[in-house]
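Quick note on the numbering used here: the sequence shown kicks off at 43 and runs consecutively.
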Amino acid sequence: MKDKIVLVTAATRGIGKACVMEFARRGATVFMGARNIENGRTECDNLQKMGFDVRPVFNDASQPDSYQTMMDEIARQCGRLDILVNNFGTSDRTYNNSWLLMKTLGITAKEISIITMGTLLLPAPRSALEYTCLTQQSR
């Protein structure tokens with residue numbers, strides 16, 4: 043994972059935070075997507091004290107514009123994104139933020155590793171795109 047740039051959404055606690063810690067432990071630079079940026083900064087500060095390269099970035103899944111600003115910030119700092127862990131989950135079966143993230147990134151699932159977590163818990167009918175996003179795709 044060394045030299046990989048990773049984004050984990052909904053990352054300040056639970057599964058998201060565990061993903062952040064594991065990628066960071068393996069040497070990746072990890073962006074911690076957080077709706078509450080102050081909580082994100084606090085979590086990142088704690089992890090940075092442990093020697094990890096973890097950085098906060100604002101993301102509110104209910105605000106589609108925040109996807110663009112989040113990706114602009116990652117591009118500004120690192121110039122690329124290698125792995126996206128989309129940990130956001132909702133009970134709204136009509137809301138597919140994996141598609142919004144991919145649209146913002148301007149990519150297909152074949153161009154980046156994508157791990158979608160939250161939507162796996164929902165027994166909703168899936169489109170071909172959603173099935174593609176649900177499995178990790180490698181470059």
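From the three backbone atoms N, C-alpha and C, an ideal C-beta is built for every residue, glycine too.
The stretch 55 to 70 makes contact with the stretch 85 to 93, as at least three CB pairs between them are under 8 Å.
Nearest to R67 by alpha-carbon distance, out of N128, K46 and R122, is K46.
Each residue's CA atom was taken as its position, placing V96 and S104 some 24 Å apart.
For A76, the enclosing beta strand (DSSP E) begins and ends at T71 to A76. Within a 10 Å sphere around the beta-carbon of A117 sit fewer than 16 other beta-carbons, which makes this residue exposed.
Under the three-state reduction of DSSP output, L126 falls in the strand class. Residues of the same chain with a CB within less than 8 Å of the CB of L49, apart from the 5 flanking positions on each side, are V72, F73, G75, V99, M112, I116, L123, I125, L126 and V127 in chain order. Nearest C-alpha to N78 among N101, Q90, G69 and K91: N101.
If you look at R55, you'll find it isn't in any alpha helix (DSSP H); DSSP assigns it neither H nor E.
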